[in-house]
Structure formats: C-alpha cells, structure tokens
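J.: Take 421 as the starting number for the sequence shown in my numbering and just add one per residue.
C-beta atoms are modelled at their ideal positions from N, C-alpha and C, and glycine is treated no differently.
The structure presented is a predicted model; accordingly, all values stated were derived computationally and were not measured.
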Amino acid sequence: MTTPIMQSPLAITDLVDWGVIPTMIEGQSHTSGKLLHKGSEGRSECGLWVCTPGKWHCHVTRDEFCHFLEGRCTYVHESGEVIEIEPDTAAFFPQDWKGVCTVHETIKKVYMIR
C-alpha cells in the first residue's frame with residue numbers, strides 16, 4: 421500500500437469537471453477538483469475542490485474537514501451562525517450541517533469526508 425500525497429495543491433491545474441452545484445439560489449457555482457483518495461465502499465474521500473462564485477443551499481451529508489487555501493466565502497447555518505472563510509481557514513462541518521453558502525471569490529480547499 422502506498423501513501424497518496426498532493427504536492428502544492430494551489431498549483432494543481434489538471435482538475436476534473438465536477439459540474440454545477442444543483443441547489444443554486446443565485447449565480448451558477450461550478451465545481452472541479454482532484455481526488456487524492458477514496459476509501460473502500462466510497463465512504464471516505466479526500467482531495468482538492470474548487471468552486472466558482474454563486475450562492476446555494478448546502479447540506480453536508482457526512483462529516484467534512486476543510487482547509488481553505490484561497491478565495492472567500494460565507495457559510496450561514498440554518499440557526500443563523502455566520503462562518504466567514506478566507507485563505508488559510510480550517511473548518512469542520514458535522515454530518516447534517518445545513519445552511520447557505522455564498523462564494524464571493526473562487527475557493528480552493530483540500531478536504532476529507534468520512
């Protein structure tokens with residue numbers, strides 16, 4: 421077994437088109453990324469995710485840790501909690517987190533879903 425690594429994630433340009441966010445409110449956020457690892461049965465995964473500006477409903481279906489590398493966005497939980505994201509911000513979104521995400525400037529993050 422080898423250890424998957426991702427060197428200089430900000431410099432990665434060979435991204436896979438992952439499509440448009442299906443729960444758009446305003447704009448048309450487009451996503452792309454690069455998968456680093458996918459666990460057995462598809463339960464866990466990690467990689468690089470890129471999302472262009474727009475506003476959309478967000479429902480986190482599994483625990484997700486994110487380290488945002490560039491861009492700016494705002495997450496507003498359905499309780500009203502506001503989370504401002506800027507470069508070099510780490511966040512953990514627990515399973516069933518629900519709210520609205522507004523991407524102000526294209527974001528790049530490395531993530532781990534379990």
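Is Gly462 helix, strand or coil when you go by DSSP?
T.: helix
J.: Could you tell me whether the Cβ atoms of Glu465 and Leu455 are closer together than 9 angstroms?
T.: Going by C-beta atoms, Glu465 is nearer than 9 angstroms to Leu455.
J.: Mapping DSSP to helix, strand and coil, what is Leu456?
T.: strand
J.: State buried or exposed for Glu484, treating a residue as buried only when at least 16 other CB atoms are found within 10 Å of its CB.
T.: buried
J.: Considering Thr522, what are the terminal residues of the beta strand (DSSP E) in which it resides?
T.: Counted as a single uninterrupted DSSP element, the beta strand (DSSP E) harbouring Thr522 occupies residues 518–533.
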